[in-house]
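This report concerns only the one structure given below.
Residue numbers (this note's numbering): -18 to 119.
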């Protein structure tokens, strides 16, 4: 078990690893475990709480912390839909994360598609739109 009283590794040393693991969309606990393998644990330590503080200081916020709404993603979605017209919900979430640095919840993307692109939803999933089995149409 790591000692919480050890100093944290210099940010310049761990920041590239944090960004790489962040882009891989790992959970915070998984990132901490991976960081412990990367740093010299004889001299330095990193705990979950300290990692969250470092992550927040780096500006890496989770989905609900960013608090995106349909209105806040509308302009970005128009750009992405121009470049990727056939991208589905999962692809759009990934594109927003990797290209724009935005973590957006599935419910916000689902609402966006339901309101702004209902015709495309029906083209993509005709069986789902008939009986509204997935709750996309209201």
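Ideal placement from N, C-alpha and C gives every residue a C-beta, glycine not left out. The structure displayed is predicted, hence computed values, not measured ones.
| Item | Value |
| --- | --- |
| Excluding five sequence neighbours on each side, which residues of the same chain lie with their C-beta closer than 7 Å to the C-beta of residue 43? | 84 |
| Report the residue from 23, 4 and -14 whose alpha carbon sits nearest the alpha carbon of residue 82. | 4 |
| Tell me which residue opens and which closes the alpha helix (DSSP H) that residue 93 is part of. | 87 to 97 |
| Can you tell me the Cα-Cα spacing of residue 35 and residue 0, whole angstroms? | 11 Å |
| From this set, 46, 17, -14 and 50, which residue's C-alpha is nearest residue 90's C-alpha? | 50 |
| Is it buried or exposed, residue 12, if we count other Cβ atoms within 10 angstroms and call 16 or more buried? | buried |
| What is the rounded straight-line gap between the Cα of residue 19 and the Cα of residue 26? | 11 Å |
| Please name the residue, chosen from 63, 64, 54 and 10, that lies closest to residue 88 on a Cα-to-Cα basis. | 54 |
| What residue range is occupied by the uninterrupted alpha helix (DSSP H) comprising residue -3? | -8 to 4 |
| Quick check on DSSP: helix, strand or coil for residue 8? | coil |
| Given residue 77, which residues of its chain have a CB within under 6 Å of its CB, disregarding the five upstream and five downstream residues? | 83 and 85 |
| Just reading off the alpha helix (DSSP H) that residue 53 is part of, what are its end residues? | 51 to 64 |
| Can residue 39 and residue -4 be called in contact, C-beta distance under 8 Å? | yes |
| For residue -11, does the three-state DSSP call read helix, strand or coil? | coil |
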